[in-house]
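Accompanying notes for the structure given below.
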């Protein structure tokens, strides 16, 4: 098991969000990536909104705990580091960070005990310059210039994901460990078994090419990184194929003998 | 301007997607991150679905070009590298990659000219083991174990984002360059201007603390990294404040003189 996260995760501040579905979707990805402090500034359709609960798919706690504010200034008053997420070029003389750089800065702040937040604008208009000016840096998701329109909850997801993978970079701890690759002795046994059967079958033809054909086979099979169980299975496959061929040959020989042929 | 991306982006294969809204949302994030090849295996409600176009917010081309298949095998037949996105532990002996590792592998493949794809399961059930077994590796988004339920389009977003930022790691090229920080001579001019006015105002008290007070002020202001324009503005601020104070003092002195006080 991994140890729990002890750094305080950043707040997510949604300024003038329009669609309750997006608030719920934002809560869902916050829960996916260890965030819980949701703050809403002037949600267009009021608060609470049942549709947010529906679209959160069970991530209710950021919604239950969400606080509503009249101004961005009030929503961020207790924070020491606030990053403004915006896709639009600004005249504001703030540093522009990628989500990854922003996450690193948030983690640095959190490690120092700072409370921090990520500020997102509404679906249609994004953030006003006056709101951006309250922040210490801009976060811009590097989207394709051919299609810049990033969904609000997707923007939250990418920033939350980058926060999280800096803390929990691996797959979930409950994932089963991959079986180790087989020892090379087992692989050599597999190779020699196969090559012996192929010799018996007259596969290596012409004989002067045998060495390079063997080498190519060993490289191809070796690249798969078989584990012990797979090596045993493959040796069973070779045996089944070669015995099957043996039975076919025996049957042919019997038929030929019956017909008086050699 | 950055140069265009020349590597072929991976296909996105959605196996048995249920909600047209999620197909549209997936198309939208594909467009955000330079992907365009969308393949649908047995979409529950048939295809095409107008709601997908609505939720794509204008990213119509992945939807217009989407191909529908009856089986995963058919959908991936022309691909050389397919990664299965799944959050559920599997017995399958495939390597498990993070989205970042997966993106690196996809870029390696694309750089070698391979066609590649990312396979996603439906909203409710995810991928079957038999579908995972068609793939060369598993991709697992490292979500918080306390809330694993990741939206389909969010999963597409994170994988597509990781593909893209490996190619286009910076903010969009159209973002304005930050003005350079002012030369230190300009900063020194600002400091000395401020300190002279503070001396005149009797701010540095007691005098033996002046050196450390000046040092602390310079450190605090220096950390902001003011550009030339900001330095000019701040010098205007200092002038305005000190002249304003001068006017107030002159007014007070005039009033005191009229009252016969020193």
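Protein chains in written order, with the working numbering: chain A, 233 to 494; chain B, 233 to 494. Idealized CB from N, CA, C, for every residue including glycine.
- Contact with chain A is found for residue 260 (chain B), since one of that chain's Cβ atoms lies less than 8 Å from the residue's Cβ.
- When DSSP states are grouped into helix, strand and coil, residue 337 (chain B) belongs to the helix group.
- For residue 371 (chain A), no alpha helix (DSSP H) segment is defined; the enclosing uninterrupted segment is the beta strand (DSSP E) at 369 to 371.
- Beta-bridge partners assigned by DSSP to residue 271 (chain A): A:245, A:299.
- Judged by DSSP in its simplified three-state form, residue 375 (chain A) adopts coil rather than helix or strand.
- Residue 314 (chain A) and residue 254 (chain B) have their C-alpha atoms some 31 Å from each other.
- As computed with DSSP, residue 354 (chain B) is found in a beta bridge with B:358.
- Remark: three or more beta-carbon pairs, one from each stretch, lie closer than 8 Å, so the stretch 325 to 342 of chain A and the stretch 382 to 401 of chain A are flagged as touching.
- The residues 385, 388, in chain order, have a CB closer than 6 Å to that of residue 258 (chain A) in the same chain once the five nearest residues on each side in sequence are set aside.
- Separation of residue 238 (chain A) and residue 362 (chain A) (C-alpha to C-alpha, rounded to the nearest whole angstrom) is 33 Å.
- Counting the other CB atoms within 10 Å of its CB gives residue 435 (chain A) a total below 16, which places it among the exposed residues.
- Setting aside the 5 residues that flank it on each side, residue 251 (chain B) is surrounded in the same chain by 355, each with a C-beta closer than 7 Å to its C-beta; the list follows chain order.
- Partner residues in the beta bridge of residue 313 (chain A), as assigned by DSSP, are A:348.
- By the rule that beta-carbons nearer than 8 Å mark a contact, residue 361 (chain B) does not touch chain A.
- Assigned with DSSP and collapsed to three states, residue 383 (chain A) falls in coil, not helix or strand.
- Contact annotation: residue 351 (chain A) and residue 308 (chain A) have beta-carbon atoms nearer than 8 Å.
- Cβ atoms of residue 331 (chain A) and residue 373 (chain A) come within 8 Å of each other, at about 6 Å.
- At least one beta carbon of chain B lies nearer than 8 Å to the beta carbon of residue 376 (chain A).
- Residue 399 (chain B): not part of any alpha helix (DSSP H); DSSP gives it neither H nor E.
- For residue 286 (chain B), the uninterrupted alpha helix (DSSP H) run begins and ends at 282 to 287, by DSSP.
- Residue 327 (chain A) sits in coil when the DSSP states are folded into three classes, being neither helix nor strand.
- At the C-beta level, residue 246 (chain B) and residue 272 (chain B) come within 8 Å of one another.
- The beta carbon of residue 262 (chain B) sits closer than 8 Å to those of 244, 268, 270, 291, 294, 388, 392, all from its chain and outside the five residues before and after it, given in chain order.
- The DSSP-derived three-state label of residue 438 (chain B) is coil.
- Secondary structure note for residue 254 (chain B): its alpha helix (DSSP H) is the uninterrupted segment 252 to 264.
- Per the DSSP secondary-structure output, residue 459 (chain A) pairs in a beta bridge with A:413.
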